[in-house]
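Student:
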C-alpha cells in the first residue's frame, strides 16, 4: 500500500458533478481545461481505495497491493470502437492480489452518477477451460455454490445478476437437468448498486468492505475451482 495518505478518504459531490459534466463534454479540450477537477476526483478515489484496502486486509492477502495498481485509467481505448469519446464516464477500481490485473476473481467497484455506482464480483468472460470447470462442478457438486449464492444475506445484498446465458443447454448436458439455469450460464456476476447519496456518505468505503465480505465466499469458490484446485492424477 502507499505510505502517503491522500487528503480525502471520502467522495464529495464535486466528484459526481465532474463525472456528470464529462458526459456532456467528452472531448480532450474540455478535459484538459478541467484537469484540476479530475485530479481532485482521482485523489478522492485514491483515498477511498486506500481505505478499502485497509478494511479488506484482515481477510484478503493484499499486503503488496498498491492503490495505483487497483485504479483503472479514465481514458478509453477507442482503437476498435465506433464510440470515439476519449474518456470513460465513471471512476473504477478492482481489488485483487497485486491490483486490477491479478488474473483472479476480484472485487470491482465503479463510481457513476445517477445512482449507477456498484460493487460487483464473480464469473465474467471466463476462458473456455474455466467455464467447463464451472459446469462440471455444477453437474457433480452444486450444493456448495448454492449454499453461498442462495444464502439470505447474499441474496439481499446482491439481488442483481449480470452476464449472458445460453438459450439451450450446453453440449453434453441433458435438457431436463435439475440445474439447467446454472449450467446455461456463460457468466455469473453479482452486483450491488449504490445510490449517489450512499456514495457520498463518510462510511462508503466501509460499506464496500462489508459487501466484499459478503461476496468473498463466492470469489473464493471460483478462485479455488479455476486456479487453486489440484488436478487429480490419472490412473491407468
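In my numbering, the protein residues as written are 400 to 635.
All C-beta atoms in this analysis are idealised placements derived from N, C-alpha and C, irrespective of residue type, glycine included.
(1) Who are the Cβ neighbours of residue 564 in its own chain at under 7 Å, not counting the five residues just before and after it?
(2) Please confirm whether residue 454 and residue 598 have their CB atoms less than 8 Å apart.
(3) What whole-angstrom Cβ distance do residue 490 and residue 506 have, given they're in contact under 8 Å?
(4) Which residue or residues does DSSP assign as beta-bridge partners of residue 520?
(5) By DSSP's criteria, residue 486 is part of a beta bridge. Which residues make up the other side?
(6) Which residue spans inside the region 550-605 form an unbroken alpha helix (DSSP H) run of at least 4?
(7) Along the chain, which unbroken stretches of the alpha helix (DSSP H) at least 4 residues long are found entirely within the region 404-466?
(8) Could you give the distance in angstroms between the alpha-carbon of residue 539 and the alpha-carbon of residue 581?
(9) Whole angstroms is fine: what's the gap from residue 570's alpha carbon to residue 579's?
(10) Starting from residue 510, trace the beta strand (DSSP E) in both directions and tell me its first and last residue.
(11) Nearest to residue 524 by alpha carbon, out of 431, 532, 499 and 587?
(12) Among the residues of its own chain, which have a CB less than 7 Å from the CB of residue 532, if the five just before and after it don't count?
(13) Assuming contact is defined by CB atoms lying nearer than 8 Å, are residue 592 and residue 529 in contact in what I supplied?
(14) With a Cβ-Cβ cutoff of 8 Å, do residue 614 and residue 555 count as a contact?
(15) Spatial neighbours of residue 425 within its chain, please: CB distance less than 6 Å, with the 5 preceding and 5 following residues excluded, ordered by chain position.
Tutor: Put simply:
(1) Apart from the 5 residues on each side of it in sequence, residue 564 sits with its Cβ closer than 7 Å to the Cβ of 583, 584 and 585 in its chain, given in chain order.
(2) For residue 454 and residue 598, no; Cβs fall outside 8 Å.
(3) Separation of the CB atoms of residue 490 and residue 506 is rounded to 15 Å, and the pair is thereby denied contact status at 8 Å.
(4) Residue 520 pairs with 589.
(5) Looking at the DSSP assignment, residue 486 forms a beta bridge with 474.
(6) Under the rule that a run must span 4 or more residues, the alpha helix (DSSP H) segments found entirely inside the region 550-605 read 551-556, 579-582 and 595-598.
(7) Complete alpha helix (DSSP H) runs here, min 4: 412-423, 427-432 and 434-455.
(8) Whole-angstrom Cα-Cα distance: 13 Å.
(9) Near 12 Å, if we compare the C-alpha coordinates of residue 579 and residue 570.
(10) Run containing residue 510: 506-510, per the beta strand (DSSP E) assignment.
(11) Considering only alpha carbons, the answer is 587.
(12) Excluding residues within five positions, the ones whose Cβ falls inside 7 Å are 624 and 625.
(13) For the pair residue 592 and residue 529, the CB atoms are not nearer than the 8 Å cut-off.
(14) Taking 8 Å as the Cβ cut-off, residue 614 and residue 555 do not qualify as a contacting pair.
(15) For residue 425, where only same-chain residues beyond five positions count, the Cβ hits under 6 Å are 484 and 486.
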